[in-house]
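There are 2 protein chains.
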Amino acid sequence: MALRHAVLAALLGGDFSGYELAKEFGLGVANFWHAQPQQLYAELAKLEAEGMVVGRQVVQESRPNKRLFRVTDTGLAELERFAAAPSKPSFIRDDLLVKVQAVDRLGTGPVIEQLDARAAAAEAKIELLGKLLVRLRGDADEEEFLRRGRPIGPYLTCRRGLAFEEEHRDWCRSTAAVLRERQVLRAER
Amino acid sequence: MALRHAVLAALLGGDFSGYELAKEFGLGVANFWHAQPQQLYAELAKLEAEGMVVGRQVVQESRPNKRLFRVTDTGLAELERFAAAPSKPSFIRDDLLVKVQAVDRLGTGPVIEQLDARAAAAEAKIELLGKLLVRLRGDADEEEFLRRGRPIGPYLTCRRGLAFEEEHRDWCRSTAAVLRERQVLRAER
DNA sequence: TCCAGATACTCAAAAACATGACTAGTCTTG
DNA sequence: CAAGACTAGTCATGTTTTTGAGTATCTGGA
Numbered sequence: 549m550a551l552r553h554a555v556l557a558a559l560l561g562g563d564f565s566g567y568e569l570a571k572e573f574g575l576g577v578a579n580f581w582h583a584q585p586q587q588l589y590a591e592l593a594k595l596e597a598e599g600m601v602v603g604r605q606v607v608q609e610s611r612p613n614k615r616l617f618r619v620t621d622t623g624l625a626e627l628e629r630f631a632a633a634p635s636k637p638s639f640i641r642d643d644l645l646v647k648v649q650a651v652d653r654l655g656t657g658p659v660i661e662q663l664d665a666r667a668a669a670a671e672a673k674i675e676l677l678g679k680l681l682v683r684l685r686g687d688a689d690e691e692e693f694l695r696r697g698r699p700i701g702p703y704l705t706c707r708r709g710l711a712f713e714e715e716h717r718d719w720c721r722s723t724a725a726v727l728r729e730r731q732v733l734r735a736e737r
Numbered sequence: 549m550a551l552r553h554a555v556l557a558a559l560l561g562g563d564f565s566g567y568e569l570a571k572e573f574g575l576g577v578a579n580f581w582h583a584q585p586q587q588l589y590a591e592l593a594k595l596e597a598e599g600m601v602v603g604r605q606v607v608q609e610s611r612p613n614k615r616l617f618r619v620t621d622t623g624l625a626e627l628e629r630f631a632a633a634p635s636k637p638s639f640i641r642d643d644l645l646v647k648v649q650a651v652d653r654l655g656t657g658p659v660i661e662q663l664d665a666r667a668a669a670a671e672a673k674i675e676l677l678g679k680l681l682v683r684l685r686g687d688a689d690e691e692e693f694l695r696r697g698r699p700i701g702p703y704l705t706c707r708r709g710l711a712f713e714e715e716h717r718d719w720c721r722s723t724a725a726v727l728r729e730r731q732v733l734r735a736e737r
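Chains A and B supply the protein sequences, listed in that same order. Count the first sequence with this note's numbering and you get residues 549 to 737, in order. Count the second sequence with this note's numbering and you get residues 549 to 737, in order.
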């Protein structure tokens, strides 16, 4: 039920085509929701049918035409309703954690490799999000921006994404270190 | 495709019935996967049909009989295969973050309330996980347990869950504080 | 003694999410 | 100048996850 709201929330940041929206979902929006492009096209079509967004054709030369979508008052009202309704709790759901859970009975080599890869991926994302934060707040310093800057929503969700990635990286590193040390100890006996 | 592996990994910790497994999924396993009881019963039936687990009837007086499941060698081999395959990246997907994203154009009151509620829920879970960690490591101190304790898998995933909840709580608190301060500033103007 | 809650499951349906294949022109880079 | 990536989508199918309702017995507390 919430993909639609994620789309509406993303469209508050400007008018986007399905294609552009997909790119947003690859970066900023990825901090709170994840979806394939096909899903977005489908959802936009539904939202338009329900009057939550309106699309307008933009004719382009030298590349395919596109349809830009804008949130309507109906859509904004729906978001307002959604914001006041209770949220469901959020969980982690992660392949790699399943593997770590089972690590006592499994070969640890591949798991350690994947932990390293994940840590590196998280590190890259941290860099990216750091830059995104700077871009979002312009030339204000953070404290000042938090007090008065706009838009504040995307900034706050981005901070959450950043903290998540940092935590993720740290856990991957320390877990890989623990498993490595145990490998060494086992080899010694 | 990974629920089955989460079930297998959970069953490594001992033999469980569907009902007991559901309780595991409410606590320790919740740190890396989430599923409804109905899903678990269905998955266990499939896994049994495929020979990944075996069930045995346990007759009980004064309460319904149950079927305990154990992972077979086939199941363990499947876990091994899974552990060596590449993992998909993990994302956050959270209703509340969607609301925060849109907060510039919405009434902030309900969002702040929900942030407070979430922070409190996270705090409660932190307590719980703290206790679970102590129980898992017995009387060893943490450093020693990480080096030699067993089983280490559940301990490591539990640490991840704990770090996640702490980060979540902190973000909820600081975000609520930011939004409150901005409300005050807006009222003053 | 009644009622809520725990134990132990089952069945069915709907919603959400993921995957793969396809079209078709343009722009960039080696 | 060819290969590959980018723009801008569509269509179909399959899997996973969620939601709701139901059954039946037993225990513990007001």
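A virtual CB, placed ideally from N, CA and C, is assigned to each residue, including glycine.
For the region 710-723 of chain B, the set of residues with a beta-carbon nearer than 7 Å to any beta-carbon of chain A comprises ALA711, PHE712, GLU715, TRP719 and THR723, in chain order. In this structure, LEU677 (chain B) sits near GLY709 (chain B), with a CB-CB distance shorter than 7 Å. Under DSSP, ARG615 (chain B) forms a beta bridge with B:GLN605.
Taking C-beta separations shorter than 8 Å and ignoring five residues to either side along the sequence, the partners of PRO702 (chain A) in its chain run GLY561, GLY576 and LEU684, following chain order. By the Cβ test, the region 621-628 of chain A is in contact with the region 598-610 of chain A, since at least three Cβ pairs between them sit closer than 8 Å. Nearest C-alpha to ARG730 (chain A) among B:ASP652, B:VAL732, B:ARG696 and B:SER565: B:ARG696. Beta-carbon to beta-carbon, VAL659 (chain A) and ALA631 (chain B) are separated by about 6 Å, close enough to satisfy the 8 Å threshold. The region 715-725 of chain A makes contact with the region 711-721 of chain B; the number of CB pairs closer than 8 Å reaches 3 or more.
Each of A:LYS679, A:ALA578 and A:SER722 was checked against the Cα of ASP642 (chain B), and the nearest Cα belongs to A:ALA578.
In the assembly as shown, GLN662 (chain A) is a buried residue. Its beta-carbon has 16 or more other beta-carbons within 10 Å.
With a 10 Å radius around the Cβ and a threshold of 16 neighbouring Cβ atoms, ARG707 (chain B) comes out buried.
Between the alpha carbons of TRP581 (chain B) and GLN605 (chain A) lies a gap of roughly 43 Å. Look at PHE630 (chain A) here: in three-state DSSP terms it is helix. Contacts with chain A at 7 Å (Cβ-Cβ) do not include GLU568 (chain B). Among the bridge pairs identified by DSSP, PHE564 (chain B) is matched with B:PHE617. Straight-line measurement puts the Cα of ALA724 (chain B) at about 45 Å from the Cα of LYS594 (chain B). With 16 or more other Cβ atoms inside 10 Å of its own Cβ, VAL648 (chain A) counts as buried. Rounded to the nearest whole angstrom, the CA to CA distance from GLY566 (chain B) to ALA583 (chain B) is 12 Å.
In this structure, the beta-carbon distance from ARG721 (chain A) to ALA667 (chain A) falls below 7 Å.
GLU591 (chain B) counts as buried, since no fewer than 16 other beta carbons sit within 10 angstroms of its beta carbon.
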